[in-house]
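Enquirer: Please read through the structure below; I'll follow up with questions.
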Amino acid sequence: MDQKRLTHLRQLEAESIHIIREVAAEFSNPVMMYSIGKDSSVMLHLARKAFYPGT
Numbered sequence: 024m025d026q027k028r029l030t031h032l033r034q035l036e037a038e039s040i041h042i043i044r045e046v047a048a049e050f051s052n053p054v055m056m057y058s059i060g061k062d063s064s065v066m067l068h069l070a071r072k073a074f075y076p077g078t
């Protein structure tokens with residue numbers, strides 16, 4: 024994967040993590056639906072990176 028594309032993906036990931044953290048800070052009981060699909064797996068991965076970095 025070329026460097027430009029990788030940089031863009033990292034920016035998207037960082038923005039997604041920021042949004043997840045904003046939602047968690049704004050609401051008392053945020054919920055994330057999980058259907059065991061590809062999209063849910065990506066969301067779970069991003070949530071883990073947002074709240075448990077390094078895992």
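Numbering (this note's numbering), first residue to last: 24 to 78. Ideal Cβ placement from N, Cα and C applies to all residues, glycine included. Just so it is clear, the structure is predicted and the values come from calculations on it, not from any experiment.
Going by DSSP, what residue range makes up the alpha helix (DSSP H) through residue 63?
Expert: Segment 61-74, the alpha helix (DSSP H) holding residue 63.
Enquirer: Kindly confirm or deny that the stretch 62-72 and the stretch 30-50 touch, where touching means at least three C-beta pairs closer than 8 Å.
Expert: Cβ pair count under 8 Å is three or more, so yes.
Enquirer: Hey, how far is the Cα of residue 40 from the Cα of residue 25?
Expert: About 23 Å.
Enquirer: What separation, rounded to the nearest whole angstrom, lies between the Cα atoms of residue 44 and residue 73?
Expert: Whole-angstrom Cα-Cα distance: 7 Å.
Enquirer: Can the beta-carbon of residue 57 be found closer than 9 Å to that of residue 51?
Expert: Result no, Cβ atoms of residue 57 and residue 51 do not sit closer than 9 Å.
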